[in-house]
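The sequence shown: position 36 = 37 (the working numbering), numbered continuously.
Using N, Cα and C, we set each Cβ at its ideal position, and we do this for glycine too.
Have a look at the structure below before the remarks.
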Amino acid sequence: MKIAIKELVGNVSEGVSFPRIAVRILRLFEDDSLSTYQLSKAISLDPILAAYILKISNSAFYGFKTKIKNLSDAIALIGFEEVKKIVVMVSMKNAFSVSDEFDRILWEHSLAVAVAASEFNGRLKITNDGSAYLMGLLHDIGKVVFKKTKELNYADDVLRKAYESNISAKTIEEEEYGYNHADVGAYLLETWNFDQDIVDAVGFHHINFIALKKDFLKNAALVSLADYFVNMMGIGKKEPVKDLILINESCSAKFLGYFNENPIDILNSVHMKYSELKKAFES
Ligand SMILES: [Fe+2]
Ligand SMILES: [Fe+2]
C-alpha cells in the first residue's frame, strides 16, 4: 500500500508526540546563565520526569556511592548535559509506548544506539554528547510512525521479516512503500522543529557514506556506526554477530576513519550502560 509521507506523518502526529514540557526544558539549556535552581524548578513541574531523573541518577549507570535524595542535588551531581539526555529519554519512552514485542525491541534498540552513539562520539569527537545521544535515540523514529499507521501491516510485513533475516527494514520498506523509515523520521523531526543536524543525522543514517564523502554526513555516519554495532550485539536483531572486528569494515567506519582493534571494550561499556537504563525504565 502506498501513502504519501506527508499523509503518513500527519495521520500519526498525535500518537507520536514529543511532550511540550520536554521542548520547554530543552529550550532552557540554550540560556548560558541557566542555574541548577531554575532547571530543577522547571523539572519539578513534571513529577514523572523528576522521579526518573532521581532514579537514574541513583542507578549504577553513574555509580555514586551515596544516595541522592533530591532533584537539585541530582542535577548538580550529574550535570546539565546528562539531565538533557534523561529528559529526551523519558519523552521518547512515551512516543515509543510499548504495546507489543516489536515496540519493545524498537525501544531497546533505540536506547542502545543512543548509548553507543555517545560512546563512539567520545572517541571520534564529531558532535556534543547530548546531540549524539539524541540522534541515536531518534534514528529509527520513522519505524514508530510506520508502525502506528493502522492501514499498514508494518509489524509483520517489515519488522518481523527484518528481525529474522539479513534483509534490512530499509530495503523492505522501499519495496513496499517507495521510501524508508529514515525519510519518514527526518520528515517528522522537521515538523517538530528539530535542529537541522539532528534531522540530517536521522534522514541519512542508511546511505552509503563512502560514495558521498560530504562533511555534513558525519553525524549520520556516527549514528550508522552505532546502529551497526548495536545490531551486531543482537539488540534489535535475532542473532548477535560474533565477530565484532567486522565493525571496522562498515562503510560508516571507513567514512569516519574509525578503526578499533579491540571493540570488546566498547561492547562492555555500551552493554553496562544500556542495561542500567533499561532497568531504570522497567521498574
Ligand atoms: Fe534505521
Ligand atoms: Fe536502527
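Item: Proximity of Val231 and His140 at Cβ, strictly below 8 Å; Value: no
Item: Gly131 beta carbon near ligand 2 (any heavy atom closer than 7 Å); Value: no
Item: Rounded distance between the beta-carbons of Thr150 and Val13, thought under 8 Å; Value: 6 Å
Item: Proximal residues to Phe81 (C-beta, below 8 Å), its chain only, five neighbours per side dropped; Value: Phe30, Leu35 and Leu40
Item: N- and C-terminal bounds of the alpha helix (DSSP H) containing Phe121; Value: Glu102 to Leu125
Item: DSSP state of Asn194 mapped onto helix, strand, coil; Value: coil
Item: Exposure of Ile236, with buried meaning 16 or more beta-carbon neighbours within 10 Å; Value: buried
Item: Heavy atom of ligand 1 within 7 Å of His207 beta-carbon; Value: yes
Item: Heavy atom of ligand 1 within 7 Å of His182 beta-carbon; Value: yes
Item: Secondary structure of Lys56, DSSP reduced to three states; Value: helix
Item: Supposed close pair Ala51, Ser45 - CB separation, criterion 8 Å; Value: 5 Å
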